[in-house]
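The listed protein sequences correspond, in order, to chains D and Z. If you use numbering that gives the first Met the number 0, the first sequence corresponds to residues 0 to 304, in order. If you use numbering that gives the first Met the number 0, the second sequence corresponds to residues 0 to 366, in order. What follows is one structure encoded as structure tokens, with my remarks underneath.
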Amino acid sequence: MIGSILGGFLSGAIHSGTPLLYATLGEVIGERAGIVNLGLEGVMLMGAVAGFTTTVLTGSATLGVLAGGLAGGLFNLLFGFFVITRRANQLASGLALMFCGVGLSAILGAPYIGSRMEGLKEVRIPFLSDLPVIGRVLFQHDLLVYLAVPAAIAIGWLLFNTRWGLGLRAVGENPTAAFAAGKNPYRIQYQAIFIAGVLGGIAGVHLSLSLAKTWAEWMTAGRGFVAVALVIFSKWHPVRAISGALLFGGAIALQLQMQALGVPVSPFLLDMLPYLLSLGVLVVWGGAGRRAAPGSLGRVFQGTE
Amino acid sequence: MGKKNFKMGMGFLALLSALMFMLVTTTSARASSEPKLKVGILHIGSIADAGYNQAHAEGAQIMKKNLPGVEVIGVENVPEGADAERVMENMIKQGAKLIIPASFGYLDPALRVSKKYPDIKFVHPGGYKRAPNLGTYWASTPEAFYLMGIAAGKTTKTNKMGYVVALPISFFLANINAFQIGARSVNPSVETRVVFTGTFLDPGKEATAANALLDQGVDVLGVIVDSPITVVQTAEKRNAYSVGYHYLGVQKFAPKGWISGIAFTWGELYTRFAKQVMDGTWKSENLLGNLSSDYLTIAPFGPAVSADAAKLVNAKKQEFISGKSQVFQGPIKDNKGVERLKAGEVWPMENLGKMDFLIEGVIGQAR
Chain D
0 MIGSILGGFL SGAIHSGTPL LYATLGEVIG ERAGIVNLGL EGVMLMGAVA
50 GFTTTVLTGS ATLGVLAGGL AGGLFNLLFG FFVITRRANQ LASGLALMFC
100 GVGLSAILGA PYIGSRMEGL KEVRIPFLSD LPVIGRVLFQ HDLLVYLAVP
150 AAIAIGWLLF NTRWGLGLRA VGENPTAAFA AGKNPYRIQY QAIFIAGVLG
200 GIAGVHLSLS LAKTWAEWMT AGRGFVAVAL VIFSKWHPVR AISGALLFGG
250 AIALQLQMQA LGVPVSPFLL DMLPYLLSLG VLVVWGGAGR RAAPGSLGRV
300 FQGTE
Chain Z
0 MGKKNFKMGM GFLALLSALM FMLVTTTSAR ASSEPKLKVG ILHIGSIADA
50 GYNQAHAEGA QIMKKNLPGV EVIGVENVPE GADAERVMEN MIKQGAKLII
100 PASFGYLDPA LRVSKKYPDI KFVHPGGYKR APNLGTYWAS TPEAFYLMGI
150 AAGKTTKTNK MGYVVALPIS FFLANINAFQ IGARSVNPSV ETRVVFTGTF
200 LDPGKEATAA NALLDQGVDV LGVIVDSPIT VVQTAEKRNA YSVGYHYLGV
250 QKFAPKGWIS GIAFTWGELY TRFAKQVMDG TWKSENLLGN LSSDYLTIAP
300 FGPAVSADAA KLVNAKKQEF ISGKSQVFQG PIKDNKGVER LKAGEVWPME
350 NLGKMDFLIE GVIGQAR
């Protein structure tokens with residue numbers, strides 16, 4: 000009994016945390032290059048709708064994931080055009096991008112609402128998936144879940160142990176200095192924005208192809224903004240983003256699980272739990288938040304001419 | 000890089016996003032001859048949600064088919080508030096004489112517009128306020144939920160059933176209570192667990208909620224959110240039974256585990272409204288239908304429902320229609336042990352809005 004409750008809770012936490020993790024990883028890369036993207040919600044929606052419609056049309060969830068990632072990346076390049084090439088305000092452009100994504104994805108997805116598809120298949124790891132509790136929690140998921148934590152570690156390595164990552168972080172700290180050191184801030188920021196978009200798109204795909212297995216307008220329901228907050232929570236570090244996404248996803252799973260269990264607490268109060276928990280952790284753990292932020296975050300690189 | 004360019008860029012972006020966000024899709028066709036009547040209908044979400052919105056949209060389409068010469072102007076995804084008022088005025092400018100603002104939150108915007116245009120008729124689903132040119136309509140659902148409870152209570156193997164519900168508002172609490180009372184009438188050891196998601200549309204959360212209930216051993220899932228697709232599909236995937244709501248066509252999302260569903264079939268009612276407006280006999284009233292109305296329908300039973308259960312459901316349906324049976328008949332205790340109805344007392348249907356508790360046997364928190 001306890002095992003099944005725990006197993007259900009943990010597997011729910013991992014499942015609802017996965018899209019948050021991908022989205023947070025994308026935002027970390029973008030912000031490390033100095034770009035805040037409040038339009039992440041729109042990027043996720045574009046990924047979700049592209050992944051869903053592609054899967055419905057082709058019958059292949061793999062193509063769906065690729066299409067979703069690509070759609071997210073391309074859509075974010077549009078954002079890049081405004082904030083990098085046109086030097087527009089990042090916050091305003093991000094919000095515009097979000098509304099644009101909400102509307103555009105709704106138009107594109109409207110003919111496919113209610114379409115049925117298999118979605119991402121569960122890949123059971125032989126033997127391990129039969130273990131009690133642990134098997135269910137760790138070894139009965141789809142590929143995107145298995146790849147989420149390795150992706151976070153790989154991005155951490157890319158950012159902190161490679162020349163490319165060094166250049167990217169330099170642009171985020173001080174683009175003028177990076178430029179003087181021979182880096183091309185525009186190119187690096189475009190690269191960062193594209194990868195961020197791909198990850199945001201994959202986050203959306205996981206929502207539409209795995210978690211809900213359906214498409215509905217604005218189905219991200221604020222997860223894009225939660226991811227932006229989780230970046231601060233994880234102090235702009237991809238590996239710390241794992242715990243942030245798990246904590247938030249876990250809090251959602253926990254509050255629903257507690258209701259299903261019949262714990263006598265008001266559903267309104269339980270609905271606040273994820274946010275209260277995050278606030279609590281920020282209060283206890285926060286402190287150094289400001290110092291961890293990239294130096295030129297949110298500022299527009301004015302070029303050197 | 001001039002400031003002008005920047006402004007142009009931002010202006011373009013703002014325009015683009017505004018256009019996208021409005022997302023106004025009209026389904027009116029250009030008729031060569033002047034239509035006999037134009038009907039405007041506003042939807043809060045997508046009309047393909049296999050749920051609340053699709054039920055209204057199909058009602059309008061059936062009306063159009065029943066009455067040649069009637070034209071429908073349908074607009075999806077209209078936010079409640081000032082946007083709804085603008086859309087209604089726009090429809091009136093296009094010549095609409097009957098407006099169906101098909102969401103609970105359109106009531107106040109519709110009342111404001113109805114004052115401005117006394118010649119235009121409005122019918123609002125579920126409204127609690129009326130005007131000389133604004134009538135309301137809805138169907139009382141607890142009896143139908145009671146019937147679903149009978150079918151589900153006879154079908155469950157674990158004696159645990161679950162409901163994924165948007166919010167703990169009184170009408171939804173009444174539906175859950177009715178479901179449990181119906182189930183208990185045929186299966187005394189059955190229980191219903193409720194999870195509230197806090198929103199009418201978040202498929203991700205609905206899936207997580209459904210899974211949480213299934214993890215507790217629940218083998219029947221019902222749903223009260225705008226689109227039942229996610230919950231019903233999740234139940235089907237994990238070999239549980241499901242009960243639909245809102246729309247008649249939910250069964251295709253869970254063919255194996257389908258029990259039955261409650262559906263609003265507005266077509267004939269909308270046809271009557273349109274006819275009344277055309278011949279001038281329409282008057283503002285508060286229509287509250289029940290199981291005998293043609294706009295509240297019990298969906299066909301699925302393969303899991305036994306003939307015995309189907310017979311019980313049909314017999315009880317007749318008792319409700321004839322008035323022989325009541326859903327909320329005392330004694331009724333809430334799930335905190337407090338007696339809410341004494342033996343012999345009946346909770347009147349017009350007081351459903353005051354039901355603020357979940358009954359014994361329902362596991363969940365009403366507040």
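From the three backbone atoms N, C-alpha and C, an ideal C-beta is built for every residue, glycine too.
- Measure the beta-carbon distance from D/Ala180 to D/Ala169 and round it to whole angstroms, keeping in mind my assumption that it falls under 8 Å. For the purposes of this step, residue 180 of chain D is taken as the residue at position 181 of the first sequence. For the purposes of this step, residue 169 of chain D is taken as the residue at position 170 of the first sequence. Contact flag correct, Cβ pair sits at about 7 Å.
- Item | Within-8 Å CB hit, Z/Val219 to chain D | Position 220 of the second sequence, counted from the first residue, corresponds to residue 219 of chain Z. So, not an interface residue.
- Can you find a CB in chain D that lies within less than 8 Å of the CB of Z/Val71? Taking the second sequence and counting its residues from 1, one reaches residue 71 of chain Z at position 72. So no, Z/Val71 is outside the interface.
- Message: Distance check for Z/Pro108 and Z/Gly80, CA to CA, integer angstroms please.
- Response: As a working note, residue 80 of chain Z is residue 81 in the second sequence. As a working note, residue 108 of chain Z is residue 109 in the second sequence. Roughly 6 Å separates the two Cα atoms.
- Which residues in chain D sit within 9 Å of Z/Leu200, going by Cβ to Cβ distance? Here residue 200 of chain Z refers to the residue found at position 201 when the second sequence is read from its first residue. The contacting residues are Ala215, Glu216, Trp217, Met218, Ala220.
- Message: Taking its Cβ as the centre, do 16 or more other Cβ atoms sit within 10 Å of D/Leu275, making it buried, or is it exposed?
- Response: The residue labelled residue 275 of chain D in the question sits at position 276 within the first sequence. So D/Leu275 ends up on the exposed side.
- Identify every residue that forms a DSSP beta bridge with Z/Ala138. Within the second sequence, residue 138 of chain Z is the residue found at index 139, counting from 1. Partner(s): Z/Gly288.
- Between the CA atoms of Z/Lys255 and D/Thr52 - distance to the nearest angstrom: By one-based count along the first sequence, residue 52 of chain D stands at place 53. By one-based count along the second sequence, residue 255 of chain Z stands at place 256. Roughly 25 Å separates the two Cα atoms.
- Classify D/Ala180 as helix, strand or coil using the three-state DSSP reduction. Numbered from its first residue, the first sequence carries residue 180 of chain D at position 181. Coil, per DSSP.
- Item | D/His14: first and last residue of the uninterrupted alpha helix (DSSP H) it sits in | Your numbering for residue 14 of chain D matches position 15 in the first sequence. Here the alpha helix (DSSP H) through D/His14 covers 1-31.
- Are the beta-carbon atoms belonging to Z/Ile72 and Z/Gly266 less than 8 Å from one another? Looking up residue 72 of chain Z in the second sequence gives position 73. Looking up residue 266 of chain Z in the second sequence gives position 267. Not a contact, by the Cβ cut-off of 8 Å.
- Are any of the Cβ atoms in chain B nearer than 8 Å to that of Z/Phe252? Note that chain B does not occur in the displayed structure, where the protein chains are D and Z.
- Item | Amino acids of chain D, ordered along the chain, whose beta-carbon sits closer than 7 Å to that of Z/Gln364 | Translated into positions along the second sequence, residue 364 of chain Z becomes position 365. Neighbours of Z/Gln364 on chain D, chain order: Pro263, Val264, Ser265, Pro266.
- Within 10 angstroms of the Cβ of D/Gly223, are there 16 or more other Cβ atoms? Answer buried if so, exposed if not. Translated into the one-based positions of the first sequence, residue 223 of chain D becomes position 224. Under this definition D/Gly223 is a buried residue.
- Query: Which chain Z residues sit within Cβ distance under 8 Å of D/Ala211?
  - Reply: Taking the first residue of the first sequence as position 1, residue 211 of chain D is located at position 212. Within 8 Å Cβ-Cβ: Pro202, Gly203, Glu205, Ala206, Thr229.
- Count the other CB atoms within 10 Å of the CB of Z/Tyr127; is the residue buried (16 or more) or exposed (fewer)? Looking up residue 127 of chain Z in the second sequence gives position 128. Exposed, because fewer than 16 other Cβ atoms sit within 10 Å of the Cβ of Z/Tyr127.
- Message: Measuring straight from C-alpha to C-alpha, what distance separates D/Val264 and D/Ala250?
- Response: In the first sequence, the residue the question calls residue 264 of chain D occupies position 265. In the first sequence, the residue the question calls residue 250 of chain D occupies position 251. Looking at the two C-alpha atoms, the distance is approximately 15 Å.
- Query: Counting along the chain, where does the alpha helix (DSSP H) carrying D/Met43 start and finish?
  - Reply: Your numbering for residue 43 of chain D matches position 44 in the first sequence. Taken as a continuous stretch (DSSP letters only), the alpha helix (DSSP H) holding D/Met43 covers 39-57.
- Query: For Z/Ser45, which residues in chain D fall below 8 Å Cβ to Cβ?
  - Reply: The sequence position of residue 45 of chain Z within the second sequence is 46, counting from 1. Correct list: Ala105, Ala109, Ile112, Ala215, Glu216.
- Just tell me which of Z/Lys315, Z/Ala273, Z/Val112, Z/Tyr51 has its CA closest to the CA of Z/Gly68. Here residue 68 of chain Z refers to the residue found at position 69 when the second sequence is read from its first residue. When each option's Cα is compared against that of Z/Gly68, the closest is Z/Ala273.
- The alpha helix (DSSP H) enclosing Z/His55, as first and last residue numbers: As a working note, residue 55 of chain Z is residue 56 in the second sequence. Element bounds for Z/His55: 51-65.
- Message: Within 10 Å of its beta-carbon, does Z/Pro124 have 16 or more other beta-carbons around it, so buried, or fewer, so exposed?
- Response: For the purposes of this step, residue 124 of chain Z is taken as the residue at position 125 of the second sequence. Classification of Z/Pro124: buried, given that the 10 Å Cβ count is 16 or more.
- Would you say D/Arg298 reaches chain Z, if we count a Cβ-Cβ gap shorter than 8 Å as a contact? Within the first sequence, the letter at position 299 stands for residue 298 of chain D. Not one chain Z Cβ lies under 8 Å of D/Arg298.
- Task: Could you check the C-alpha separation between Z/Lys2 and D/Ile83 for me, to the nearest Å?
- Result: Translated into positions along the second sequence, residue 2 of chain Z becomes position 3. Translated into positions along the first sequence, residue 83 of chain D becomes position 84. Here the model assigns Z/Lys2 a pLDDT of 47, short of 50, so the residue's position is not dependable, and the following value carries that caveat. For Z/Lys2 and D/Ile83, the distance between alpha carbons rounds to 15 Å.
- Report the residues of the segment 50-64 of chain Z with a CB closer than 7 Å to any CB of chain D, ordered along the chain. none
- Span of the alpha helix (DSSP H), counted from its first residue to its last, around Z/Ile99: On the second sequence, residue 99 of chain Z is found 100 positions in, with the first residue counted as 1. Run containing Z/Ile99: none in the alpha helix (DSSP H); it sits in the beta strand (DSSP E), 97-100.
- 7 Å CB neighbourhood of Z/Leu166 in its chain, flanking five on each side removed: Start at 1 with the first residue of the second sequence, and residue 166 of chain Z comes out as number 167. Phe195, Gly197, listed in sequence order.
- Query: If we call anything under 8 Å between Cβ atoms a contact, is Z/Val219 one with Z/Ala306?
  - Reply: What you label residue 219 of chain Z is simply residue 220 of the second sequence in a count that begins at 1. What you label residue 306 of chain Z is simply residue 307 of the second sequence in a count that begins at 1. Their beta carbons are not under 8 Å apart, which means Z/Val219 does not touch Z/Ala306 by this criterion.
- Give the interface partners of Z/Gly197 over in chain D, defined as CB-CB distance under 8 Å, in chain order. Translated into the one-based positions of the second sequence, residue 197 of chain Z becomes position 198. Chain D residues near Z/Gly197: Pro266, Phe267, Asp270.
- Message: Is Z/Asn210 close to chain D? Criterion is C-beta to C-beta, closer than 8 Å.
- Response: Indexing the second sequence from 1 puts residue 210 of chain Z at position 211. Chain D, which has a Cβ nearer than 8 Å to the Cβ of Z/Asn210, makes this yes.
- State the Cα-Cα distance for the pair D/Ile194 and D/Val227, rounded to the nearest angstrom. Along the first sequence, read from residue 1 onward, the residue named residue 194 of chain D stands at position 195. Along the first sequence, read from residue 1 onward, the residue named residue 227 of chain D stands at position 228. Between D/Ile194 and D/Val227, the C-alpha separation is close to 16 Å.
- Message: Only counting the same chain, and skipping five residues up and downstream in sequence, which positions put a Cβ closer than 7 Å to that of Z/Pro78?
- Response: Counting from one through the second sequence, the residue named residue 78 of chain Z turns up at place 79. Cβ within range, chain order: n/a, list empty.
- Helix, strand or coil for Z/Ala28 per DSSP? In the second sequence, residue 28 of chain Z corresponds to position 29, counting from 1. Its pLDDT being 44, under 50, Z/Ala28 is placed unreliably by the model, and the measurement read from it follows with that caveat. The answer is coil: DSSP assigns Z/Ala28 none of H, G, I, E or B.
- What did DSSP end up calling D/Pro266 once you bin it into helix, strand or coil? Here residue 266 of chain D refers to the residue found at position 267 when the first sequence is read from its first residue. D/Pro266: helix per DSSP, three-state reduction.
- Query: According to DSSP, is D/His205 helix, strand or coil?
  - Reply: Position 206 of the first sequence, counting from 1, holds the residue named residue 205 of chain D. Here D/His205 sits in helix by DSSP.
- For D/Gly46, which of D/Val280, D/Ala147, D/Leu76, D/Leu198 has the nearest alpha-carbon? Translated into positions along the first sequence, residue 46 of chain D becomes position 47. Measuring from the Cα of D/Gly46, the nearest candidate turns out to be D/Leu198.
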